[in-house]
Amino acid sequence: MATTPHPDALLIAYLRGELAESDRRSVADHLAACSECARAAENFQRILSDLGSSLPEPPQVHWGAYRAELREKLQARRPWGWQWLRRPVPLALSAAAAGVLLILGVQSWISRPLGNGDLASLEETVVASRLDLLRQYAVIERLDLWEDLDVVRRLDELYPSRKG
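Going left to right, the sequence shown walks through residues 14 to 177 as the numbering used here numbers them.
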């Protein structure tokens, strides 16, 4: 059979039963027709059986010890993420801090001014209403009665019976 190529690369897979059905049939047909490939297949079969018999039996796995060892390794690698919540002191401190922040937030929200909060425009309005008073500031500065201005304004209220 010089026209059919020798399936050297497929012989071991054929012997182990790893080929698809079409490839397995073509290799079996070739081995039936080619004595050289049949001898090579016999040699490969003998080598595979020798290798299989020379391997020691794998030890039995003790699954309980394996699980315990695996659990220890996983706990060693586990970050401290949520474990701190299991302890009462950090949990209590965290709750207290959250409570304080909540109280401060609510208190600042309640005590904020209801207006638009634009103090600059309010200040401009007040200054504009007293502009005449500020123009005559030099005169007012010299008055000794500036401190008693409120009393002077209320003189009529304080002594309504007197005329004078």
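We put the beta carbon where it would ideally sit given N, CA and C, even for glycine. Given the structure is predicted, the values throughout are model-derived calculations rather than measurements.
Cβ-based burial, residue i [other Cβ within 10 Å; buried from 16]
i	result
residue 4	Missing from the structure shown is residue 4; the chain here goes from 14 to 177 and no further.
residue 24	buried
residue 15	Unreliable positioning characterises residue 15 in this predicted model, as indicated by a pLDDT of 48, which lies under 50. The coordinate reading is nonetheless provided below. So residue 15 counts as exposed.
Delimiting residues of the alpha helix (DSSP H) encompassing residue i
i	result
residue 50	48–67
residue 143	Residue 143 -> no alpha helix (DSSP H), and no H or E assigned at all.
residue 74	Taken as a continuous stretch (DSSP letters only), residue 74 belongs to no alpha helix (DSSP H), as it is neither H nor E.
Contact under 9 Å by Cβ, residue i with residue j
i	j	result
residue 21	residue 41	no
residue 19	residue 43	yes
Cβ pair count under 8 Å reaching 3, the stretch 50–62 against the stretch 16–31 = yes
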